[in-house]
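A short worksheet on the structure shown next.
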Amino acid sequence: MEYNFREIEKKWQKRWVENATYRVTEDKTRKKFYVLNMFPYPSGAGLHVGHPLGYIASDIYARYMRLQGYNVLNPMGYDAYGLPAEQYAIQTGQHPAITTEQNINHYREQLDKIGFCFDWEREVRTCEPGYYKWTQWAFEKMFESYYCNEEQKARPITELVEYISKNGTKGLTVAQSEDLDITAEQWNGMSEKEQQQVLMNYRIAYLGETMVNWCAGLGTVLANDEVVDGVSVRGGYPVVQKKMRQWCLRTSAYSQRLLDGLDSVDWTDSLKETQRNWIGRSEGTEVKFKLAKAVSDKSVLSDQSDLSEFIIFTTRADTMFGVTFMVLAPESEYVAQVTTDEQREEVEKYLEYVKKRTELDRMSDRKVTGVFSGSYAINPFTGKQVPIWISEYVLAGYGTGAIMAVPAHDSRDYAFAKHFNLPIIPLIGGADVSEESYDAKEGIVCNSPAQGESSCGLVLNGLSVKEAIAATKKYVESNGLGRVKVNYRLRDAIFSRQRYWGEPFPVYYKDEMPYMIPEECLPLELPEIDKYEPTETGEPPLGRAKMWAWDTANKKVVDKSLVDNVSVFPIELYTMPGFAGSSAYYLRYMDNRNDEALVSKEVDNYWQNVDLYVGGTEHATGHLIYSRFWNKFLYDMGVSCKEEPFQKLINQGMIQGRSNFVYRVNNADSAKAPVFVSLGLKDQYETTPIHVDVNIVNADVLDTEAFKAWRPEYKNAEFILEDGKYICGWAVEKMSKSMFNVVNPDMIVDKYGADTLRLYEMFLGPVEASKPWDTNGIDGCHRFLKKLWALFWDARGENDTFLVNDDAPTKDSLKSLHKLIKKVTDDIQKFSYNTAISAFMIAVNELSQQKCHSREILRALTIIIAPFAPHIAEEFWASLGEQGSVCDAQWPAFDEQYLVESEIQLAISFNGKARYQKTFAADATKEFMEKAVLEDERSQKYLEGKSIVKVIVVPKKIVNIVLK
C-alpha cells in the first residue's frame, strides 16, 4: 500500500477534532508543562513557510512532554488589533473587525493543515470585549496604584492619599515624575482637581507630557520600531518628534526588579544582555551647574547667586576637572532657557531637524550634529565657564537630559569635541587622546586640578579612578553640590494611540481630569463610527462616535450630545497601543472562559507560568519588557503567583527566501516579445536580471508556460534554453512579496504533506539559526517518510500487505533503536531537531537493511517519530492495533546494554598510513590484537623485507606497526 499522505492527514486531523485529542484541563495528579508561542498578528497575506518555524519547534516539544507524562498546555490565539486592518478600513470603508475575522479564518485554516496540537478551546482574540475587559481592568488597577520604593511593589493610591493628608510629600520614597514639596496643610486645602493633578505625579498609569513619534499620515503615535529613517514602516509617511499629552505606564519604577528577574530565568546570555542594556542601570552622581552670563573671558568668575541652575547626571564624577563643554538634549526644557537671541534662529533650525529623528535613529547613528546655545555654565570644581551645546546624541529621558562633556574619556564627547574644535583635557596619567578617547575606568588621576590652577578644596591627583569616584561623590554631597543616585535608561511606556482599532480606555473626563469607569461596568466596548480617519477638527477617530459619553448616574454609555459635565462626561478618545493586549495573554489562556477574573487563583497556581516560550528576536526588548512589567504588577496585586512570566525562552531564527531570477536580453523588441536566456548562457548577452515567482520554478528549472501566463507582458516571451531547459539564477534574500520568493505552506502541504513540511523546516538547521528556504531539498524528507512507511507496509505491491510481525527483534535492530532513542531524547531537550532527524534517517536506513519488521521495534519507533510527524505516527499506531492516540503513549527509555559494542573495527596502519580495516572483539587484549595483525595475510606485503621496530596498540583506537 502506498503512502497516501493526503488521505492520512485529513483523516487524522478530523479525528483529533472529533475526539478532542488536544483538549487540556487542570489535573492535579499530573505535572504541568506550559508551552507558548508569541502572539501572532493575523495579516491579510496569511502564513508563508517562515512563519510556522517556531510553531513547529514548540509543537514538537509539547508533544514530547506529553509523551513524558506531563499535562501540557499549548494554546493559540490572535493579537488582533493592528494598523494594517485600520489602514485597509480607511481605504475601503470596511470595518477592521470584518477584515480581522477574515484574516483569522485564513490563518486558522493554514495552521490546521500543519497538524499542531493546539487546544483551540482556549483561543483568545485581543479584539473581543470578553478579552479586553481584563486589559481595561488591569489599566484601572495601575491607575489606582503607586509604586513604593521601600517595599519595592505597587500599593493602592488610597494609602498615598492618606499619607500626604497627614505628612505632605516629605519623606516619600516612591516612584514619581518629579519631586514635589507639598505640606499636609497645602494638600488638605486643595480642590479635587488640584489633588488629582498631584496624584498624577505618582500613579503607575498616568497622563503626562512626553515626546512621541507623531505620524500625521497615519494620524497616530508610533513606537520606535514602527519608524525607519524618519518615515513610518507602514505606508512610508513622515514622522516627527512632538510633545503630546499621552497615557503612560510607569515601567521605570520596575527597572531594578526587571534586572533582578533576569537571574531567575533560563534565557540565552545574549538575550539577557540585550534586556540589561535596554534597562540600562548606572550608578552615578547628580551635580548642579549654574548658568553664567556670556563673557569673552571664560576664566572670570561671576556672581551667580541670582541666576538659575541645572542638574546633570554622570557616572564618572572623577572627571569633573576635565569638563570642557555641556550638552543638552534637544527636548530639554533647559534649551529655551539658555538659548540667546543671537543663536535662536540656528537653534530652532536644529530642533526642526531633530524632530524628524526617532530616539532609535539617534542612538544608533554615530554622525555628529549640534548647535551652540550662546550660553555658558560654571564648572563648580574649577570655576571656569564652559559653553552649553545642544545635540541629538543626548536623550531627554536618560538622567536629566543634560550632560557634562569630558571628551578625553568618552567616545561620543570626543567625536563632538573634534568636530567642533573644543578642548580635550586628559585626566589619566599616560592616556594618549590624540586619536581617540581613553574610556577605560582605570589608571592614576592627573590634572585634577591641573598644575597652577586654583583648587576648590578637592585634589584627586595620584588617586586611582575608583578612589577618585568615591572621593568626588563624598565631596559633592558634603558641599551641597548634588547627590549620589542610581539611574536607569528604561523610560516609562507611552500607552496611547490616536487610532480607532484598539482597546478603548475605560476613562471619562471630569473638569479635564481622568476618572475610571466603574469596574463592574467593564468592558467599555469600542463604538461604531462612520469613518476610520481623524475628525475634521483633528480629533482621533473616536471623536466621530455618537454614543461616546459616560452617564455616571445610570452607569452607562450615552449619546455625547447629553454631555453636561455634571453627571454626563466625555469619554477618552485615545485607544490603547498594540502591546496592551499581548502583555498578559499567557494568563488569560489559563482560564479564558472565566467571567469573574483574569485568571482564578486555583488555575493560576496550577499552571503558574510559561515553561517554554518561543518567538522571534525582534521581541527581545519591547514585548518582553512590557509583558514582564505587566506580570510583575499583577504579581504585586496577587493575581499572578509567579513574578516572571516566561521561565525558558527560545528565539527561533528566520527562514530566508531563496529567490529565483530570469535574465531578459536587452534589445529593442523586448516589449513585443521579450527574450530570456538561461543562466549558463547569459554571459553571452547583455541582460537584466528579474525576480520570478519561485512557485513556477522547480529545482531552479523554470516552467516556461507558467511563466508566460504569470504576467501579461510575458505572454509572448521567447527562451534561449540549455539542454532543453531554462535554468534560473538564485540568491538568498529576505522572504517578501516584492521579491516573489514567498512560499505558501499550503502548496508544500498539498504536494508533499504536512509531516514532510514539519520535518523539512526542522531539518534545515538549528532552530535558533537563520537559514534559507530551498524547496529543492524537500524531496529528501519526503523520501524518508516513504522509506519509513515501507517498514510497515509493502508499498511496491498492489495488495495492502502489512509487514509488521511479532518476531523477536535482532540484536542489531535493538542497537539501532536504542541508539536512536538516546540521540532523539537528548536532541529534543537541546532543541537540536535537525540532528535528531538525521538520526531518524540513519536508523530507518539501518532497519531497512536489516529487513526489520518487528512489532516491538516499530512500536517504539512510532512513538519517537510522533512529535515530528504526528499524522503518519497516528496511522502506524492504529495499524499496530493500539488503542487511543499515540499522543498518550509513553516515551520509550533507552537501555544502555544495547549500546554496548561487542565488536570494534580499527584501521591497521604501517608507519602511520592506514592500509586496511580489521574487526576485533571489544574486549580483545593488546597481545591478542598484535598477534592477529601480524598473522593477517593482508599485512604480509607491508612486512616483506622490513624490520619491525615496534607495534603500537591502543585498544579501541589504533594499531600502528613501525617499520624500517
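Take the sequence shown: its letters are residues 239 to 1202, numbered as in our numbering.
All residues carry an ideal CB built from backbone N, CA and C; glycine is no exception.
As the structure is a prediction and not an experimental result, all values here were calculated from the model.
- No Cβ-Cβ contact shorter than 8 Å links I298 with I1075.
- The beta-carbon separation of P280 and T330, rounded to 17 Å, does not stay under the 8 Å limit for a contact.
- Close CB contacts of G473 within its chain, under the 8 Å cut and outside five residues either way in sequence, are with Q325, G455 and L456 (chain order).
- Cα atoms of C453 and Y631: separation of roughly 22 Å, rounded to the nearest angstrom.
- Take A992, set aside five residues on each side of it, and the residues of its chain with a beta-carbon closer than 7 Å to its own are E247, K351, I352, G353 and H1109, in chain order.
- Our two residues, E359 and Y316, have alpha carbons roughly 13 Å apart in a direct line.
- Within the DSSP secondary-structure output, W452 pairs in a beta bridge with V459 and V478.
- K1194 and G1150 have their C-alpha atoms roughly 17 Å apart.
- Counting along the chain, the unbroken alpha helix (DSSP H) around S649 starts and ends at S649 to F658.
- One Cα belongs to R514, the other to Y726, and the distance between them is close to 10 Å.
- Its chain contains Y444, G446, T448, D730, A731, I732 and F733 as the residues whose beta carbon lies nearer than 7 Å to that of C486, once the 5 sequence neighbours on both sides are disregarded; these appear in chain order.
- From the listed residues I893, Q922, R1034 and F807, the smallest Cα separation to G1003 is found for I893.
- The continuous alpha helix (DSSP H) containing M1079 extends over residues Y1071 to Q1087.
- Excluding residues up to 5 positions away in sequence, V606 lie with their Cβ nearer than 6 Å to the Cβ of H657 in the same chain.
- Excluding five sequence positions before and after P394, the CB atoms of its chain that fall closer than 7 Å to its own CB belong to E382 and S383, given in chain order.
- Collapsing the DSSP output to three states places A1131 in coil.
- Counted as a single uninterrupted DSSP element, the beta strand (DSSP E) harbouring T926 occupies residues T925 to V930.
- In the three-state reduction of the DSSP assignment, V1005 falls in the coil class.
- A distance below 8 Å between beta-carbons, with the five flanking residues on each side excluded, links Y827 to the following residues of its chain, in chain order: L274, L311, P313, G315, R360 and V362.
- With fewer than 16 other Cβ atoms inside 10 Å of its own Cβ, K587 counts as exposed.
- For A1111, the enclosing alpha helix (DSSP H) starts and ends at P1108 to S1117.
- Where Y326 is concerned, the enclosing alpha helix (DSSP H) starts and stops at L321 to T330.
- About 5 Å separates the CB atoms of L701 and V683; that is less than 8 Å, so the two are in contact.
- Within the same chain, and ignoring the five residues on either side of E584 in sequence, the residues whose Cβ sits closer than 7 Å to its Cβ are V609.
- Counting C-beta atoms within 10 angstroms of its own C-beta, D651 has 16 or more neighbours from the protein chains shown and is therefore classed as buried.
- F527 sits buried, since 16 or more C-beta atoms from the chains shown fall within 10 Å of its C-beta.
- Distances from the CA of R483 to each of T489, Y492, V469 and V459 were compared; the closest alpha carbon is that of V459.
- Looking only at V877, R595 and H861, the smallest Cα-Cα distance to V837 is reached by V877.
- Take A327, set aside five residues on each side of it, and the residues of its chain with a beta-carbon closer than 8 Å to its own are H333, P334, T337, Y738, W739 and Y770, in chain order.
- A buried status is given to I1016, since no fewer than 16 other beta-carbon atoms sit within 10 Å of its beta-carbon.
- Of V262, L285, W788 and E256, the smallest CA-CA separation from N309 is found for V262.
- In chain order, A422 place their CB closer than 6 Å to the CB of K404, counting only its own chain and leaving out the 5 sequence neighbours on each side.
- Fully enclosed beta strand (DSSP E) runs of no fewer than 3 residues occupy 640-643 of the stretch 629-707, in order along the chain.
- Partner residues in a beta bridge of M828, as assigned by DSSP, do not exist.
- Within the same chain, Cβ atoms closer than 6 Å to the Cβ of L566 are found at Y572, V573, I628 and A640, the five residues on either side in sequence being excluded.
- For I934, no beta strand (DSSP E) segment is defined, and its DSSP state is neither H nor E.
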